[in-house]
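Working notes, structure below.
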Amino acid sequence: MKANEKEYQCIEISRIYRNQVVKNKLSKHKEDKLPLLMTPLDFEKHFNTDFKEIMRTNPIWKKGLFLLVISLFYIIIVPLLFFVGLYERVFGKKNNIEEELKSKYYINDKVSEVKLFSQFWNQKGLRDYGVDYFHLDGFTKLQQKECIYKWANILFNVDESTFENLYNELKQKQIEGARNFYEINPNAHISMASVESLLPKEIDKLHGRYIILKNDKTS
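When the sequence shown is numbered by my numbering, its final residue is 1268 and no position is left out of the sequence of numbers.
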């Protein structure tokens, strides 16, 4: 079914964050491209070579040997990288990358009839955990928290103070749970769910459905 006014507001907020992730990934992709004319600084960046650290920690003879090897490598590799970079620009997936990312993070205005916050979040939010959501990487915890709050404010009129109290309460429970586990199992390891991943279900418990449908008596 099509989103109502409040759901549409939430979807638009989610789109803002999703578009930012796409923008960041495109920027990163542009930075990672091999330059046509590679300078020593470009060489250091793309081949992860820390020249300053090597020159600082090695004796003089090793520094000289290193500079000689790097100079020869640089002279040989730069012309080859020019043609690789040229090929990438002419025949590479320069437009496909953007289209793939936009498609990956795209969401439409269709929503479920199950009017639960967690269900809506799974469909249109910034969920990036779980088997079906791992591909949606790039969202920060802060972005997820902000988006959940904005949604809760729109759908349930939850104010910022109430939301922060809920967030801190869940966070404290996580800390206490981890502490209790390690007291009993000092040599073990536990992977705790993030507070952001717990918030949607917690909002379900506190507020139930955000819209009561006609002929629906089980709210």
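Glycine is no exception: its CB is placed at the ideal position from the N, C-alpha and C atoms.
Q.
Whole angstroms are fine: how far does the CA of Ser-1161 sit from the CA of His-1078?
A. 35 Å
(Q) One question on the structure: do Cys-1059 and Lys-1173 come within less than 8 Å of each other, judged by their Cβ atoms? (A) yes
Q | Cβ shell of Ile-1239 (< 6 Å), same chain only, five flanking positions each side left out | A | Phe-1230
Q: Can you give me the start and stop residues for the alpha helix (DSSP H) that Lys-1199 sits inside?
A: 1190-1205
Q. DSSP three-state call for Lys-1164: helix, strand or coil?
A. coil
Q: Determine the direct distance from the alpha carbon of Ile-1146 to that of Val-1244, and round the result to whole angstroms.
A: 32 Å
Q: Determine, using beta carbons only, whether Lys-1055 and Ile-1203 come nearer to each other than 8 Å.
A: yes
Q. If you drop the 5 nearest sequence neighbours on each side, which residues of the same chain put their C-beta closer than 7 Å to that of Ser-1246?
A. Tyr-1178
Q) Does the count of Cβ pairs from the segment 1177-1197 and the segment 1067-1075 closer than 8 Å reach three? A) yes
**Q.** Terminal residues of the alpha helix (DSSP H) in which Ala-1227 lies
**A.** 1209-1233
Q) Cα-Cα, which of Lys-1194, Pro-1108, Leu-1135 and Lys-1153 is closest to Asp-1181? A) Lys-1153
Q: Mind reading off the beta-carbon distance from Arg-1164 to Tyr-1057? Whole number of angstroms is fine, and I expect it under 8 Å.
A: For the record, residue 1164 in the displayed sequence is Lys; it is not Arg. Not quite, the Cβ-Cβ distance comes to about 14 Å (not below 8 Å), so this is no contact.
Q.
If contacts are defined as beta-carbon pairs under 8 Å, then Cys-1196 and Leu-1175 qualify, I think. What distance do you get, rounded to the angstrom?
A. 5 Å
Q: Starting from the C-beta of Asn-1264, find all residues in its chain whose C-beta is less than 8 Å away, skip the five residues before and the five after it, and write them out in chain order.
A: Low confidence applies to Asn-1264: its pLDDT is 43, below 50, so where it sits in the model is not reliable, and the reading given next is rough at best. Closer than 8 Å at the Cβ level, and outside the excluded window around Asn-1264, lies no residue.
**Q.** Distance between Ala-1201 and Ser-1167 (C-alpha atoms, nearest Å)
**A.** 11 Å
Q) For Lys-1051, which beta-bridge partners are listed by DSSP? A) Lys-1159
Q: Identify, in the order they occur along the chain, each residue of the same chain with its Cβ nearer than 7 Å to the Cβ of Lys-1220, setting aside the five sequence neighbours on each side.
A: Val-1244
**Q.** Buried versus exposed call for Val-1118 [16 or more other C-beta atoms within 10 Å across all chains shown]
**A.** exposed
Q. Does DSSP put Asn-1236 in a helix, a strand or coil?
A. coil
(Q) Mapping the DSSP letters down to three states, classify Asn-1073 as helix, strand or coil. (A) helix
**Q.** Reference Gln-1193, options Val-1207, Met-1241, Glu-1225 and Leu-1248, closest by Cα
**A.** Leu-1248
Q) Taking C-beta to C-beta, are Lys-1199 and Ile-1062 nearer than 8 Å? A) yes
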